[in-house]
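Comments concern the structure below.
Following this line, the structure appears as structure tokens:
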């Protein structure tokens with residue numbers, strides 16, 4: 001990158017307010033994102049890309065998306081490509097979001113497990129900053145008084161390495177935990193200071209946080225009793241969704257449960273599941 005591509009601090013900030021995302025830059029960046037993550041960025045996501053990556057330009061003191069493209073495509077662009085994916089990934093999440101899923105987990109899925117094997121595996125695929133897997137862990141503790149006698153584990157994965165680190169730390173602002181029922185907050189949430197809380201060790205011990213691209217190799221063997229993949233596949237095209245749901249089916253036990261997001265459906269995408277209602281599916285093939 002030439003010296004002309006950067007300017008000292010204040011000038012960069014001023015010029016960044018006017019920077020444009022040209023067609024050729026958007027197309028190239030969208031192609032990189034799709035190749036790396038499978039996420040499809042149509043023109044309707046252009047403003048999102050502009051807003052999120054403009055922060056990266058500012059941090060790198062670059063004056064154009066063309067310069068940013070050159071960095072991404074250059075020999076030293078691998079690390080920045082990871083940061084780009086982290087910036088693009090939508091991280092809308094929360095504790096006990098779509099609560100009917102956790103009611104189904106506690107009231108229907110867990111009671112049906114074999115009491116002989118006492119083995120339980122749940123995967124939170126696209127765990128973002130960790131609220132979902134911690135909610136799963138709290139649900140297990142509430143529904144299974146004998147949980148400490150089980151071989152139980154929750155795998156929490158996300159492509160965003162920053163979010164995985166956040167989840168593993170288990171620290172959240174007070175306002176984030178307001179959605180947790182009061183009795184579960186008392187049992188599992190610890191006050192750190194006036195504005196921060198920590199998830200209890202009994203929850204952390206259940207969860208393994210890992211960075212994982214869903215479209216890449218999966219090192220885990222399974223099988224899982226349940227998989228949560230909510231508000232993730234909406235960013236993939238239909239052929240990619242078909243492949244992903246087929247892989248989920250292979251990773252689930254026969255009769256295992258798949259939870260998807262409120263705007264997602266397996267209709268005409270996969271024949272390996274039967275719909276149980278309210279974005280809950282059971283593996284049948």
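In the UniProt record's numbering, the protein residues as written are 1 to 285. Don't be surprised by glycine CBs; every beta carbon is placed ideally from N, CA and C.
List the endpoints of the continuous alpha helix (DSSP H) containing residue 139.
Looking at the DSSP string, the run of the alpha helix (DSSP H) that includes residue 139 is 131-143.
Provide the residue span of the beta strand (DSSP E) that contains residue 100, from first to last.
Careful: residue 100 lies outside any beta strand (DSSP E), inside the alpha helix (DSSP H) at 99-104.
Take the Cβ of residue 285 as the centre, count every other Cβ of all protein chains shown within 10 Å, and call the residue buried at 16 or more, exposed below.
Exposed, by the Cβ-count rule.
Using three-state DSSP, classify residue 85 as helix, strand or coil.
Residue 85: helix per DSSP, three-state reduction.
Per DSSP, which residues does residue 170 bridge with? Please list them.
For residue 170, which the question treats as bridged, DSSP gives no partner whatsoever.
With H, G and I counted as helix, E and B as strand and the rest as coil, what does DSSP make of residue 194?
DSSP places residue 194 in coil when its eight states are reduced to three.
Assuming residue 287 contacts residue 139 (C-beta within less than 8 angstroms), just tell me the rounded distance between them.
Any question about residue 287 goes unanswered here, given that the chain covers just 1 to 285.
Just to confirm my understanding: we take residue 237, look at its own chain, exclude 5 residues before and 5 after, and list those with CB closer than 6 angstroms. What are they?
Within the same chain, residue 237 has close Cβ partners 40.
Give the C-beta separation of residue 77 and residue 179 to the nearest angstrom, bearing in mind that I take them to be a contact with Cβ-Cβ under 8 angstroms.
Contact doesn't hold; Cβ gap of about 39 angstroms is too wide.
Under 8 angstroms: do the stretch 80-98 and the stretch 152-166 share three or more Cβ pairs, one atom per stretch?
Contact between the stretch 80-98 and the stretch 152-166 is present, because at least three Cβ pairs lie under 8 angstroms.
Determine the DSSP secondary structure at residue 29, reduced to helix, strand or coil.
The answer is helix: DSSP assigns residue 29 an H, G or I state.
Where residue 277 and residue 50 are concerned, what is the direct C-alpha to C-alpha distance, given to the nearest angstrom?
C-alpha separation (whole angstroms): 37 angstroms.
If contacts are defined as beta-carbon pairs under 8 angstroms, then residue 196 and residue 171 qualify, I think. What distance do you get, rounded to the angstrom?
At roughly 6 angstroms, the Cβ-Cβ gap stays under 8 angstroms, so residue 196 and residue 171 are in contact.
Let me check one thing: in DSSP terms, what residues is residue 93 bridge-paired to?
Paired residues: none, contrary to the question.
Cα-Cα, which of 204, 147, 105 and 29 is closest to residue 131?
Comparing Cα positions, the closest option is 204.
Give me, in chain order, the residues of the same chain whose beta-carbon lies closer than 6 angstroms to that of residue 12; leave out the 5 immediate sequence neighbours on both sides.
Its pLDDT being 48, under 50, residue 12 is placed unreliably in this model, and the value from its coordinates should be taken loosely. These residues qualify, in order along the chain: 61.
Going residue by residue through the stretch 31-65, where are the continuous alpha helix (DSSP H) segments of at least 4 residues, counting only ones entirely within it?
As far as the stretch 31-65 is concerned, its whole alpha helix (DSSP H) runs of at least 4 residues are 46-60.
Does the beta-carbon distance from residue 256 to residue 225 come in below 8 angstroms?
Yes.
Among 244, 193, 239 and 207, which residue has its Cα nearest to the Cα of residue 218?
Looking at the Cα atoms, 244 is the closest of the given residues.
Put residue 115 into one of helix, strand or coil per three-state DSSP.
Coil at residue 115, not helix or strand.
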